[in-house]
Amino acid sequence: MLLGATLELIEEGSNADKNTYLDAKNICNLLGISHFTYNYKEEFKKYVIDDFINCYANCKTPNPCIECNKHMKFGVMYEKAKSLGCDYIATGHYAKIEYDDEYKRYVLKKSNAGKKDQSYVLWSIPKEILEHVIFPLSDFENKDEIRKIAEENNLKVATKPDSEDICFIPDGNYKRFLENNSSIKPKIRKYCKRKRRNLRKT
Numbered sequence: 003m004l005l006g007a008t009l010e011l012i013e014e015g016s017n018a019d020k021n022t023y024l025d026a027k028n029i030c031n032l033l034g035i036s037h038f039t040y041n042y043k044e045e046f047k048k049y050v051i052d053d054f055i056n057c058y059a060n061c062k063t064p065n066p067c068i069e070c071n072k073h074m075k076f077g078v079m080y081e082k083a084k085s086l087g088c089d090y091i092a093t094g095h096y097a098k099i100e101y102d103d104e105y106k107r108y109v110l111k112k113s114n115a116g117k118k119d120q121s122y123v124l125w126s127i128p129k130e131i132l133e134h135v136i137f138p139l140s141d142f143e144n145k146d147e148i149r150k151i152a153e154e155n156n157l158k159v160a161t162k163p164d165s166e167d168i169c170f171i172p173d174g175n176y177k178r179f180l181e182n183n184s185s186i187k188p189k190i191r192k193y194c195k196r197k198r199r200n201l202r203k204t
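Printed below as a string of structure tokens:
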């Protein structure tokens, strides 16, 4: 059984691309498979957004993509896929999974995509589910190849801009996000100015 799924993770209006769900649904329609949307906003806040805030509160540098992959895409989504009778889940990450004779199990490896490789944000995927994960883009060297395939199949997403910002902070303003969503009041600029003044004095 083949099916497509989109996860609702953040509140409407905060997503940089409001056509995400529609794009996925249209592609599934072209492929002739069912598409479902699942609301995991509560889980996303717990595992990703709250972790992001807590890291800054404790002087750590967060990586929300790692937490999202671990808890959402390859956590709750994998469990949902199993409950629907799916044997595998496939995502558009640039990474590779192969069986390793030395370790006697499936392992995560770098893809052929060079700078686009995303294996570094997938290291926390539970090892026991790797054999049930498929990365169709593992052998492609760049995104231009993917866009060409999409264009040849008349997919509107062929020219869709890359998304490199944190999904819940699309404008990249971490300072404002922390001020609006926590008791943290960043003072990075003032600190930097004070530090520069002290350096000039010495």
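Going by our numbering, the first residue of the sequence shown is number 3, and it counts up by one from there.
We put the CB at the ideal spot given by N, CA and C, even for glycine.
Keep in mind the model is a prediction, meaning the values are calculated, not measured.
Residue range of the beta strand (DSSP E) that includes residue i
{"i": "Glu10", "result": "Leu5 to Glu10"}
{"i": "Asp102", "result": "Lys98 to Asp102"}
{"i": "Tyr176", "result": "Run containing Tyr176: none in the beta strand (DSSP E); it sits in the alpha helix (DSSP H), Tyr176 to Asn183."}
{"i": "Lys111", "result": "Arg107 to Lys111"}
Within 8 Å, strictly: CB atoms of residue i and residue j
{"i": "Ile131", "j": "Phe76", "result": "yes"}
{"i": "Tyr42", "j": "Leu4", "result": "no"}
{"i": "Asn182", "j": "Phe142", "result": "no"}
{"i": "Met79", "j": "Leu24", "result": "no"}
{"i": "Lys112", "j": "Lys145", "result": "no"}
{"i": "Lys99", "j": "Phe137", "result": "As written in the sequence, residue 99 is Ile, which differs from the Lys given in the question. The answer is yes: Cβ separation under 8 Å."}
{"i": "Glu166", "j": "Ala160", "result": "no"}
{"i": "Met74", "j": "Phe38", "result": "no"}
{"i": "Ser121", "j": "Ala83", "result": "no"}
Identified DSSP bridge partners for residue i
{"i": "Ala83", "result": "None, per the DSSP bridge assignment."}
{"i": "Ile136", "result": "Ala92"}
{"i": "Ser36", "result": "Leu5"}
Distance between beta carbons of residue j and residue i, contact taken as under 8 Å
{"i": "Leu139", "j": "Gly94", "result": "6 Å"}
{"i": "Tyr40", "j": "Ala7", "result": "6 Å"}
{"i": "Ile127", "j": "Lys72", "result": "7 Å"}
{"i": "Ile68", "j": "Phe170", "result": "With a Cβ gap of about 15 Å, Ile68 and Phe170 do not count as contacting."}
Where the alpha helix (DSSP H) containing residue i begins and where it ends
{"i": "Phe46", "result": "Lys43 to Phe46"}
{"i": "Asn56", "result": "Asp52 to Ala59"}
{"i": "Pro206", "result": "Because the chain in this structure spans residues 3 to 204, residue 206 falls outside the shown range and cannot be described."}
{"i": "Asp146", "result": "Lys145 to Glu154"}
Check: residue i C-beta below 7 Å from any heavy atom of the ligand HEM
{"i": "Lys72", "result": "You won't find the ligand HEM in this model; it holds no ligand whatsoever."}
(request) Would you be able to state if there are at least three C-beta pairs under 8 Å between the region 104 to 115 and the region 82 to 91? (result) no
(request) Report yes or no: do three or more beta-carbon pairs, one from the region 24 to 42 and one from the region 50 to 58, lie closer than 8 Å? (result) no
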